[in-house]
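A.B. asks:
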Amino acid sequence: MSENPLSLWVYLSQSPLLWLTVTLLVYAIADAVSLATHRNPLANPVLHSMWIIGAFLLLTGTSYTTYFGGAQFVHFLLGPATVALAVPLYENRKLVAASVLPMLAALVAGSLTAVISVAPKSVTAGIAMGISESLHADPSLTAVAVVLTGIMGAIIVTPLMNRMGIADFRARGFAVGVAAHGIGTARAFQVDAVAGAFAGIAMSLNALVTSLLVPLAVTLLVR
Amino acid sequence: MIASLSLILLCQLAGEVFVRAFKLPMPGPVVGLLLLLALLLARDRFKVLARGPLQQDGVENASRGLLAHLSLLFVPAGVGVVQKLDLIAEHGIAIVVVLAISVVVTLLVTVATFLFASRLMARGRSAP
Numbered sequence: 251m252s253e254n255p256l257s258l259w260v261y262l263s264q265s266p267l268l269w270l271t272v273t274l275l276v277y278a279i280a281d282a283v284s285l286a287t288h289r290n291p292l293a294n295p296v297l298h299s300m301w302i303i304g305a306f307l308l309l310t311g312t313s314y315t316t317y318f319g320g321a322q323f324v325h326f327l328l329g330p331a332t333v334a335l336a337v338p339l340y341e342n343r344k345l346v347a348a349s350v351l352p353m354l355a356a357l358v359a360g361s362l363t364a365v366i367s368v369a370p371k372s373v374t375a376g377i378a379m380g381i382s383e384s385l386h387a388d389p390s391l392t393a394v395a396v397v398l399t400g401i402m403g404a405i406i407v408t409p410l411m412n413r414m415g416i417a418d419f420r421a422r423g424f425a426v427g428v429a430a431h432g433i434g435t436a437r438a439f440q441v442d443a444v445a446g447a448f449a450g451i452a453m454s455l456n457a458l459v460t461s462l463l464v465p466l467a468v469t470l471l472v473r
Numbered sequence: 384m385i386a387s388l389s390l391i392l393l394c395q396l397a398g399e400v401f402v403r404a405f406k407l408p409m410p411g412p413v414v415g416l417l418l419l420l421a422l423l424l425a426r427d428r429f430k431v432l433a434r435g436p437l438q439q440d441g442v443e444n445a446s447r448g449l450l451a452h453l454s455l456l457f458v459p460a461g462v463g464v465v466q467k468l469d470l471i472a473e474h475g476i477a478i479v480v481v482l483a484i485s486v487v488v489t490l491l492v493t494v495a496t497f498l499f500a501s502r503l504m505a506r507g508r509s510a511p
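Protein chains in written order, with our numbering: chain A, 251 to 473; chain B, 384 to 511.
Here it is in structure tokens:
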């Protein structure tokens, strides 16, 4: 044990261990609260984890780079999780196969609406950054917009769909996957397994379509 | 468990290689998704493939585990956004309003199109 308690902090605050632990611990608490409130949309675990950790970093004067040194292990799993979406797709394959036409129609209408309303914002963060770089837009602003859209979509989808009286979880899941990408898909998995499967399909298809659509739309608009 | 995770990573790796080799604009993990789906479907047809992680729900359970906490995986990126809130202030709160309206309109248009197309199909099927 070191004599100066501060030197222990200096050591720990630079190690990935502390920030990985903080990420998992804060999320575990936020998720427990979300479960205890029966998945109340306002108790969104991503929203509350991000501001609590953000405030903690600010208070301790920790840079995002240092934090990411630990959090990157969690961030890395986004890729494998995207691949894992094949399993809910496979398990619901009969329902999916029967819904191909509605999905394609909704995909075209939804991604066009998203692209027209705010150009490169409704794709998964990583892809969005690539697209906005090719547009010479500010990539970090795009990432901010993508995460904000995801959070707002995840919060609003359940009350909105309930108010509209929409009980079809295929349609609800698909809509949130198109409008609110990964964070919306995560919300859909918490609400309903079928909604989750359709949100995952929508998110993947939307990523494909938008990565083709945005450069095309920009070329048409600019020239 | 390890074999199942390896299979998922292998699909992602193959997806990344494929996307880069052919210079496609799509994300590598999405190609990995299609690959894993193709493997699962092929396993049902050819019993030879039902081994290792492709049997006894191996890769299925690993995937369910990953997806059960999909929310957690967005936290590191989300924290980065909290640190960039000054960007929002710089571009004006108007951008948040635009995003909020956009997400609501997109949700409504998507869900309405889905239900409309699905009802058209049902009507087409029930008609003689």
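The beta carbon of each residue, even a glycine, is placed where N, CA and C say it ideally should be.
#1: At a cut of 8 Å, does the stretch 321-335 of chain A reach the stretch 290-302 of chain A through at least three beta carbon pairs?
#2: Assuming the contact rule is C-beta atoms closer than 8 Å, GLY403/A and ALA359/A should be a hit. Round their C-beta distance to whole Å, please.
#3: Here's the rule: buried if 16 or more other CB atoms are within 10 angstroms of the residue's CB, otherwise exposed. What is PRO409/A?
#4: Quick check on DSSP: helix, strand or coil for GLN440/A?
#5: Measure the Cβ-Cβ separation of THR273/A and PRO408/B and say whether it is below 9 Å.
#6: Are the C-beta atoms of ASP442/A and some chain B residue less than 9 Å apart?
#7: Give the residues of chain B in contact with VAL283/A, contact being defined as C-beta atoms less than 7 Å apart.
#8: For PHE497/B and ALA356/A, what's the separation of their Cα atoms in angstroms?
#9: What's the C-alpha gap between TRP269/A and GLY320/A?
#10: Are the Cβ atoms of LEU335/A and ILE451/A separated by less than 9 Å?
#11: Can you tell me whether ARG502/B is buried or exposed? The criterion is at least 16 other CB atoms within 10 Å of its CB, across all chains shown.
#12: Cutting at 6 Å between CB atoms, please list the residues of its own chain near ILE377/A, excluding the five before and the five after it.
#13: Name the residue from ILE391/B, ALA500/B and ALA505/B whose alpha carbon lies nearest to the alpha carbon of VAL442/B.
#14: Using CA atoms only, rank isn't needed, just tell me which of LEU455/B, ASN444/B and ALA386/B is closest to ILE303/A.
#15: Can you name, in chain order, every residue of its own chain whose Cβ lies under 6 Å from the Cβ of VAL407/A, other than the five neighbours on each side?
#16: The alpha helix (DSSP H) with LEU423/B in it runs from where to where?
C.D. replies: Short version:
#1: With a cut-off of 8 Å, the stretch 290-302 of chain A and the stretch 321-335 of chain A do not count as touching, because too few Cβ pairs lie within range.
#2: Counting from 1 along the first sequence, the entry for residue 403/A is found at position 153. Counting from 1 along the first sequence, the entry for residue 359/A is found at position 109. About 16 Å; that fails the 8 Å criterion.
#3: As a working mapping, residue 409/A is identified with position 159 in the first sequence. Residue burial annotation: PRO409/A is exposed, with fewer than 16 other C-beta atoms found within 10 angstroms of its C-beta.
#4: Residue 440/A sits at position 190 when you count from the first residue of the first sequence. DSSP places GLN440/A in helix when its eight states are reduced to three.
#5: Here residue 273/A refers to the residue found at position 23 of the first sequence. Here residue 408/B refers to the residue found at position 25 of the second sequence. Cβ distance not < 9 Å, so THR273/A and PRO408/B don't count as in contact.
#6: Locating residue 442/A in the first sequence gives position 192, where the first residue counts as 1. Taking 9 Å as the threshold, the shortest C-beta distance from ASP442/A to chain B does not fall below it.
#7: To locate residue 283/A, count along the first sequence from 1; it is residue 33. Within chain B, no residue comes near VAL283/A; the closest Cβ sits about 12 Å away, beyond 7 Å.
#8: Counted from its first residue, the second sequence places residue 497/B at position 114. Counted from its first residue, the first sequence places residue 356/A at position 106. Rounded to whole angstroms, PHE497/B to ALA356/A spans 5 Å at the Cα level.
#9: As a working mapping, residue 269/A is identified with position 19 in the first sequence. As a working mapping, residue 320/A is identified with position 70 in the first sequence. Cα to Cα, TRP269/A sits roughly 5 Å from GLY320/A.
#10: Reading the first sequence from its first residue, position 85 is the one you call residue 335/A. Reading the first sequence from its first residue, position 201 is the one you call residue 451/A. Taking a C-beta distance under 9 Å as the contact criterion, LEU335/A and ILE451/A qualify as a contact pair.
#11: Here residue 502/B refers to the residue found at position 119 of the second sequence. The residue in question, ARG502/B, is exposed, as its Cβ has fewer than 16 Cβ neighbours within 10 Å.
#12: The sequence position of residue 377/A within the first sequence is 127, counting from 1. With a pLDDT of only 47 at ILE377/A, under the threshold of 50, the placement of this residue in the model should not be trusted; the figure read from the coordinates follows. Excluding sequence positions up to five before and after ILE377/A, its CB lies within less than 6 Å of the CB of ALA457 and SER461, all in the same chain and listed in chain order.
#13: As a working note, residue 442/B is residue 59 in the second sequence. Here the closest residue by C-alpha is ILE391/B.
#14: Indexing the first sequence from 1 puts residue 303/A at position 53. Minimum Cα distance to ILE303/A is reached at LEU455/B.
#15: Numbered from 1 along the first sequence, position 157 holds the residue referred to as residue 407/A. Counting only Cβ-Cβ distances below 6 Å, and skipping sequence neighbours, we find VAL426.
#16: The residue you call residue 423/B lines up with position 40 of the second sequence. Note, LEU423/B: alpha helix (DSSP H), 411-428.
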